[in-house]
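Reviewing the structure listed below.
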Amino acid sequence: MTEDQEAELEEQADDVDETADEDAQDGLQAGDFVQIDYTAYTVEDEQLVDTTDPEVAEEEGVDDQGQEFKPRTIVIGEGHIFEGVEEALTGSEAGDSGTVTIDAEEAFGEYDPDDVQTVSADKIDEDDRYPGANVQVDGQQGYISTIIGGRARVDFNHPLAGEDVEYEYEILEEVDDREQQASGLFEMFLGMEPDLWIETDEVEEEVPVEPDEDEDEDAEPEFETEVVEKETLYLEATPQMTMNQQWMMGKQQIGQQVIDQIGVDRVIVQEVIDGMGMGGMGGMMGGMGGMGGGDIEEALEDADVDADEIVEELEGAEE
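The sequence shown begins at 3 in the numbering used here and counts up by one.
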């Protein structure tokens, strides 16, 4: 084989490698938002783990738990679902479906007998002292397997530890609309979809002034006001949202994740207080003399009181 032929073969091999690399990047990739339907059962005894299907939820008797069962929006590669499912989604396209089995170790962990401990029943609330009760002991979450007298056997393993899990999924669509993306994230974090919208605002900011070359290095930095554009995600904080435990405990972290993944500059939470039809402050005034919001002079006339005499008496008292 001549040198020219060898060079041609090497060039063709390089072209094949480049084509393979391009093909590997086809389809959905890490960072893409997708809306998926899925149902997951344990492999051994077919116990329902999770579902987005309302019919499955009804069949399994979990549709009365206050949760809305509908397609879920996730970001591939962000740990919103098991890694094995994310790997199956990567490279796929909207409309694709499949089944993935997640090993126990990668799902809820292997079962560890050492995580079953005997504790004093005094550490458990009296209302929770029964087998099967979910309890928290010394900061650990577990459930009571047995309780006899003043001692309780508490299992701190996850209830599904040691179980392989089978996920059946369908990719409904890739989500490109940023407001829909944000809504999906909040629903995943909080279990609810708040009202939200994205706007670009002009905001005044204090920015540092670049110092002159001959300026003293130890001099205090100077700032000037500059108008900049900020892309803002506005979020309406309803009473339901403000009382949401996940939001109360982690609003800063949730907001930062939304900023990073949606690509906005900031999140502004707006609280709305609706009127309750109480007629203003009249009720309070009425309780302080029955005059309501009426004219004070008219009230004095109705009471047959001379306002000038009251003024004279007050001035005399001051003297």
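Think of the CB as a built atom: it goes at the ideal place given N, C-alpha and C, for glycine as much as any other residue.
Contact belief for residue i with residue j at Cβ below 8 Å, rounded distance in angstroms
i      : j      : result
Thr101 : Glu168 : 6 Å
Thr75  : Gln183 : 7 Å
Ala163 : Tyr113 : 4 Å
Val271 : Ala239 : 5 Å
Phe110 : Glu195 : The pair is not a contact, with the Cβ atoms about 28 Å apart (cut-off 8 Å).
Leu237 : Val274 : Incorrect: roughly 11 Å between the Cβ atoms, too far for contact.
7 Å CB neighbourhood of residue i in its chain, flanking five on each side removed
i      : result
Asp28  : Gly93
Glu108 : Phe84, Glu85 and Gly86
Gly289 : Here Gly289 scores only 46 on pLDDT, less than 50, and its place in the model should not be relied on; the value that follows carries that caveat. The answer is none, since no qualifying residue turns up.
Residue i versus residue j - alpha carbon distance
i      : j      : result
Arg155 : Leu235 : 48 Å
Glu175 : Val36  : 6 Å
Leu192 : Met245 : 11 Å
Glu128 : Thr120 : 17 Å
Glu81  : Glu228 : As written in the sequence, residue 81 is Gly, which differs from the Glu given in the question. Taking the straight line from one Cα to the other gives about 39 Å.
Glu233 : Pro241 : 26 Å
Glu172 : Gly97  : 7 Å
Glu204 : Asp267 : 12 Å
Ile104 : Gly152 : 39 Å
Pro161 : Gln259 : 29 Å
Pro115 : Asn159 : 8 Å
Leu91  : Val77  : 10 Å
Gly277 : Ile256 : 30 Å
Glu62  : Ile200 : 39 Å
Cβ neighbour criterion (16 or more within 10 Å) applied to residue i
i      : result
Glu13  : exposed
Ala1   : Nothing can be reported for residue 1: it is not among the residues displayed for the chain, which extend from 3 to 321.
Phe106 : Here the sequence assigns Ala to residue 106, which means Phe is not the residue at that position. Buried.
Ile150 : exposed
Tyr132 : exposed
Ile38  : buried
Met250 : exposed
Glu181 : exposed
Val230 : exposed
Gly186 : buried
Own chain partners of residue i with C-beta closer than 8 Å, once the 5 adjacent residues on each side are dropped
i      : result
Asp130 : Asn136, Val137 and Ile146
Tyr43  : Gln49, Leu50, Val51, Val167 and Glu168
Asp65  : Pro56, Ala59 and Phe71
Pro223 : Pro210, Val211 and Pro213
Ser99  : Glu170, Tyr171, Glu172 and Ile173
Thr54  : Ile38, Asp39, Tyr40, Thr41, Phe71, Lys72, Pro73 and Arg74
Other residues of its chain near residue i: CB distance less than 6 Å, five sequence neighbours each side excluded
i      : result
Val118 : Asp157
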